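Reviewing the structure listed below.
There are 2 protein chains.
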Amino acid sequence: MPDPHMVSVDDLLARVTAIFVGCGLRPENAQAVARVIVAGERDNCKSHGIYRIEGCLRVLAAGKVSPDAVPALHDSGKAVIEVDAGGGFSNPAFDAAVDALATRARETGLAALVIRDCLHFSALWHDVEALAARGLASLSMCPSYAFVAPAGGTEPLLGTNPIAFGWPRPGPQPYVFDFATSVAARGEIELHRRAGQPIPEGWAIDGDGAPTTDPETALAGAMLTFGGHKGSAISTMIELMAGAMLGEFMSREALDFMGGGGLLPRHGALVLALDPGTFAARSGRDPIAEGEKLLGAIGAQGARLPSARRFAAREAALRDGIALSDAEMAQLARFEAQGLAAVAD
Amino acid sequence: MPDPHMVSVDDLLARVTAIFVGCGLRPENAQAVARVIVAGERDNCKSHGIYRIEGCLRVLAAGKVSPDAVPALHDSGKAVIEVDAGGGFSNPAFDAAVDALATRARETGLAALVIRDCLHFSALWHDVEALAARGLASLSMCPSYAFVAPAGGTEPLLGTNPIAFGWPRPGPQPYVFDFATSVAARGEIELHRRAGQPIPEGWAIDGDGAPTTDPETALAGAMLTFGGHKGSAISTMIELMAGAMLGEFMSREALDFMGGGGLLPRHGALVLALDPGTFAARSGRDPIAEGEKLLGAIGAQGARLPSARRFAAREAALRDGIALSDAEMAQLARFEAQGLAAVAD
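Protein chains in written order, with our numbering: chain Z, 1 to 345; chain E, 346 to 690.
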């Protein structure tokens, strides 16, 4: 392993923002996208870090995302707030709406944010952490591309459909989980294919619905959900709630619309925000202190909370900077020098 | 197998209601409890059918449930409605609040129902089906007793924590799932113990956190969640949202309060109701028709939707009656004749 280059979080944020501005993104959009990418890198989520820049540039180069979309907030004053991303990335839309969502949740006890017509590439934990920082519990979910078969089925129909949950804790680190409802990421199967290695059983099926450990067959067949029929039911719920219910694309329509899975998917997203203070008020208990009893007891028996590794990486990155390899530094420099030309085929 | 006795749904409902009235339940409470028990029997969910009468009578005989509790609705006019079950069964409380919840969800787009201080024994699908019949999507969840270890842990801390989701469909049968977040039910482990058979791997761990297939060791150790760390995260979410957030018991406190798992647990419950019409309005799409595209495609590839078996059993029961065995008929007669004395130790 070559010596890493240590880059501060702020410096990396400035560089990534500049790359996107250089590629034509409206500055507010560039900042929002860069912020979530750098957060992924800072937390050592390599799959959602600067690796994602290329995918964003590709969809920009293909003209399939609006670089200068201005998120439009629609607030009827009810418990459902909407933000139209206008065919831009989801992150500026979320950023434009998060304060309104949090305010409404505190007023009404719970509120929902509908994000319409966005391109999505980022982990959902960024959204639920933003709400936890405002003292709110939240659930976030969205469809993706139809690569996953329902339990007992044979054909891809569901997305890898991520779901994330956030719960505020007294310190800076909330309780957060964020996972795909597929048993594995599509990228992991692709990595096995390139390495000529079989995939574990239970990851995928062939075109007849039979189990396969051959990555090529798996990619041509369908992936499977985590947890068998239970995971399949949750993935179906995500299609219904974050797709059909919003009148936005489900995973199959998203795949058809983009003409295959090579570019980022376009669809909607749903975020529910709940105010523990409102829910607990009549009980006389402090919901956050109650939550600590559970979360403390999980830790006390030696079990790791979800996101614990991320938070440890974050602490180190904020203290020591982010470690980037020679190749990563070279790629950043290439994006800076060439902009969209860096991803021209 | 002996010849079954065919009993109409209405006749069984009348008999079960009379049993509970005879045991001192307020008539409205008896009807609500009987309705959900007979619905389970009608749907051939034997584990949630008349088998449950005995557990209800036991907790009545122990004086640990209020037979004449009158559910108290608390409606601040916001998106969160509360109903205090007053130490009674959860079902009358839900019934007392479901119309207010549905009305509020249609007004605000989404609303929540908090059920406080209830005893819980019934499947959650009954609740989400009631909301689907009113045109609403819904999520329902509650803690239970601390029999399940978190992923990576060694000690029971989480409940078997069920979660249910309902989505309205054009016909009488909604999309519904309802499952425990434990990989198996505790009763299934007990059945293996009685039969002297090992349990499958992955169901439970011993007191040191090591996998076990011995049912005795499993019952003294801890059960596991479905889907590994993902299922564990969802179970933890249920503890937080339907326990800590409401200021009601989580599964460990429920177990401590009732002095062991022999009687029904006392805790709260959370139901979220969402109005697809409100969420989809700006899209111009019909969310129910969109949902049918997905659900139809699942069926078209030969995959069974959750609850399909239940709905088929329901159709048969409504047409032909419910088939009860000699033993079941005898038990009903015993409860009718003896009331609470039938469960005296």
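Note that CB positions come from ideal geometry on N, CA and C, so glycine has one too.
Please read these numbers as outputs of a predicted model, since none were measured by experiment.
Shown here, Z:P215 sits in a helix according to DSSP, grouped into three states. Counting the other CB atoms within 10 Å of its CB gives Z:A210 a total below 16, which places it among the exposed residues. Straight-line measurement puts the Cα of Z:D256 at about 20 Å from the Cα of E:G629. Spanning the alpha carbons of E:P412 and E:L370 requires a straight line of approximately 4 Å. Counting C-beta pairs closer than 8 Å gives three or more between the segment 461-468 of chain E and the segment 395-409 of chain E, which meets the contact rule. In this structure, the CA atom of E:F656 is about 7 Å from the CA atom of E:Q518.
The beta strand (DSSP E) runs of length 3 or more contained entirely in the segment 503-539 of chain E are, from start to end of the chain, 507-512 and 520-525.
The closest CA to that of E:G576, considering only E:D429, E:W548 and E:R611, is found on E:W548. The criterion of a C-beta distance shorter than 8 Å is satisfied by E:A424 and E:A457. In this structure, the straight-line span from the alpha carbon of Z:V114 to that of E:G566 is close to 43 Å. Residue range H350 to V352 is occupied by the beta strand (DSSP E) that includes E:V352, with no alpha helix (DSSP H) assigned at that position. When rounded, the separation of the alpha-carbon atoms in E:I395 and Z:L158 is 37 Å. Around the beta carbon of Z:S90, 16 or more other beta carbons sit within 10 angstroms, so the residue counts as buried.
The DSSP-derived three-state label of E:V415 is coil. Residue pairing from DSSP places E:C463 in a beta bridge opposite E:H612.
In the three-state reduction of the DSSP assignment, E:I633 falls in the helix class, which pools H, G and I. Taken in chain order, the complete alpha helix (DSSP H) segments of 4 residues or longer contained in the segment 448-494 of chain E are 470-477. Those residues of the segment 441-457 of chain E placed with their C-beta closer than 8 Å to a C-beta in chain Z are E452, T453, G454, L455, A456 and A457, ordered along the chain. Judged by pairs of C-beta atoms under 8 Å, the segment 29-43 of chain Z does not touch the segment 573-592 of chain E, as fewer than three such pairs exist. Residues of the segment 259-284 of chain Z with a C-beta atom less than 9 Å from some C-beta of chain E are G268, L270, L272, L274, D275, P276, T278, F279, A280, A281, R282, S283 and G284, listed in chain order. The three-state reading of DSSP puts E:L370 in coil, since its state is none of H, G, I, E or B.
Annotated as proximal: E:G613 and E:C487, with beta-carbon spacing under 8 Å.
Close CB contacts of Z:A102 within its chain, under the 7 Å cut and outside five residues either way in sequence, are with L131, R134, L136 and A273 (chain order).
The beta carbon of Z:F257 sits no closer than 8 Å to any beta carbon of chain E. Among the CB atoms of chain E, one or more fall inside 8 Å of the CB of Z:L294. Interface criterion met: the Cβ of Z:L240 is under 8 Å from a Cβ in chain E. Taking a Cβ-Cβ cut-off of 9 Å, the neighbours of Z:Q301 in chain E comprise A494, P495, G497, G498, T499, E500, L502 and G554, given in sequence order. Under the DSSP definition of a beta bridge, E:T570 partners with E:S527.
In the three-state DSSP reduction, Z:A254 falls in the helix class (H, G or I). For the options Z:F94, Z:D75 and Z:P71, the alpha carbon positioned closest to that of Z:D84 is the one of Z:P71. Within chain Z, the residues T108, G109, L110, T278 and F279 have their CB atoms less than 8 Å from the CB of E:V425, given in chain order.
Within chain E, not a single residue places a beta-carbon under 9 Å from that of Z:R310; the smallest gap is close to 14 Å. For Z:E201, no alpha helix (DSSP H) run applies, since DSSP gives it neither H nor E. Taking 8 Å as the CB threshold, E:H574 lines the interface with chain Z. At a cut-off of 8 Å, the C-beta of E:E635 has a neighbouring C-beta in chain Z.
Between Z:S235 and Z:V148, the C-beta spacing is below 8 Å.
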